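Below you'll find the structure, written out as structure tokens, and then a few comments.
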Amino acid sequence: MEKQYAVLGLGSFGESVALTLENMGCDVLVMDDSYEKIQDISDKVSYAMKADVADPDALQALGGKNLDGVVVAVSENLEAGIMATMLCKEMGIPLVVAKAKNKLQGAILKRVGADRIVYPEIEMGSRVAKSLVSREFMDWIELSNDYSMVEIAVPDKWVGRTLVDINVRERLGINVVGIIINGKIDVTLDPQKPLPEGGILIVIGANDVLEKFDSKKKL
Numbered sequence: 001m002e003k004q005y006a007v008l009g010l011g012s013f014g015e016s017v018a019l020t021l022e023n024m025g026c027d028v029l030v031m032d033d034s035y036e037k038i039q040d041i042s043d044k045v046s047y048a049m050k051a052d053v054a055d056p057d058a059l060q061a062l063g064g065k066n067l068d069g070v071v072v073a074v075s076e077n078l079e080a081g082i083m084a085t086m087l088c089k090e091m092g093i094p095l096v097v098a099k100a101k102n103k104l105q106g107a108i109l110k111r112v113g114a115d116r117i118v119y120p121e122i123e124m125g126s127r128v129a130k131s132l133v134s135r136e137f138m139d140w141i142e143l144s145n146d147y148s149m150v151e152i153a154v155p156d157k158w159v160g161r162t163l164v165d166i167n168v169r170e171r172l173g174i175n176v177v178g179i180i181i182n183g184k185i186d187v188t189l190d191p192q193k194p195l196p197e198g199g200i201l202i203v204i205g206a207n208d209v210l211e212k213f214d215s216k217k218k219l
């Protein structure tokens, strides 16, 4: 059975979450009080409703108890975000993810029941800054305070060599968990297969190790 998610609020973040979930094969229900936004997305998701995200009757109409999770993406209106989060938890929805603009707003949403808080603006700012300073990496996503996942173009010195030969785990302290080739992600990367030119490696490692990473190091 396909998983069902609801996205409340269709700003750029909410819309991106909704469309990504839909593309991943989930049933996606969206709600926003903007007629134009609902019209724009209605043919791209399973169900779209024009309503106030803090309206309990509207949330019930989405079939709350059947949802696997809800994303409350209305950080511009804290009161609406608080109400929507509380209502979703009261309805028994197992996972409520709430968007926050800052740590104070996040703490409030957490206190009223949000299972997870996301800070898109803060996280994106951090990713951009780290990718600028650590020029080896094309993207940098923090997984925790100590570990991150990064993307790195296959270094010239690695092209044609295998992960077994390079032995990145022992020599560099990082783990290669996948590769992107021509825009397609492969997480079943064969460690015995030569790395291609133009590929992008998906790497997980400790932050202090990644910050000192040097692809030009002789291996």
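At position 125 of the sequence shown (counting the first as 1) the number is 125 in full-length UniProt numbering, and the numbers step up by one without a gap. Every residue gets a Cβ at the ideal spot worked out from N, C-alpha and C, and that includes glycine. Keep in mind it's a predicted model, so treat the numbers as computed, not measured.
**Message:** By the three-class DSSP mapping on this structure, what secondary structure does L201 have?
**Reply:** Within the sequence shown, the letter at position 201 stands for residue 201. Strand, per DSSP.
**Item:** Under the three-state DSSP convention, the category V74 falls into
**Value:** The residue given as residue 74 occupies position 74 in the sequence shown. Coil at V74, not helix or strand.
**Prompt:** For M149, which of helix, strand or coil comes out of DSSP?
**Reply:** Stepping through the sequence shown from its first residue, residue 149 is reached at position 149. M149 falls in the strand class under three-state DSSP.
**Message:** Does L104 pass the burial test, meaning 16 or more other C-beta atoms within 10 Å, or should it be called exposed?
**Reply:** On the sequence shown, residue 104 is found 104 positions in, with the first residue counted as 1. With fewer than 16 other Cβ atoms within 10 Å, it is exposed.
**Prompt:** alpha helix (DSSP H) containing A107: first to last residue?
**Reply:** Here residue 107 corresponds to residue number 107 of the sequence shown, with the count starting at 1. K103 to R111 is the extent of the alpha helix (DSSP H) around A107.
**Asked** For P155, which of Q192, V96 and F213 has the nearest alpha-carbon?
**Response** On the sequence shown, position 155 is the one that residue 155 refers to. Cα-wise, what sits closest to P155 is F213.
**Asked** How should L10 be labelled, buried or exposed, when 16 other C-beta atoms within 10 angstroms of its C-beta is the threshold for buried?
**Response** In the sequence shown, residue 10 corresponds to position 10, counting from 1. Classification for L10: buried.
**Message:** Short of 8 Å in beta carbon distance, which residues of its chain neighbour E76, apart from the five on each side in sequence? Order them along the chain.
**Reply:** The sequence position of residue 76 within the sequence shown is 76, counting from 1. Answer for E76: G11 and K101, listed in chain order.
**Asked** So, do the region 199-207 and the region 167-176 have three or more beta carbon pairs nearer to each other than 8 Å?
**Response** yes
**Message:** In the DSSP output, what is I117 paired with across the bridge?
**Reply:** Numbered from its first residue, the sequence shown carries residue 117 at position 117. A98.
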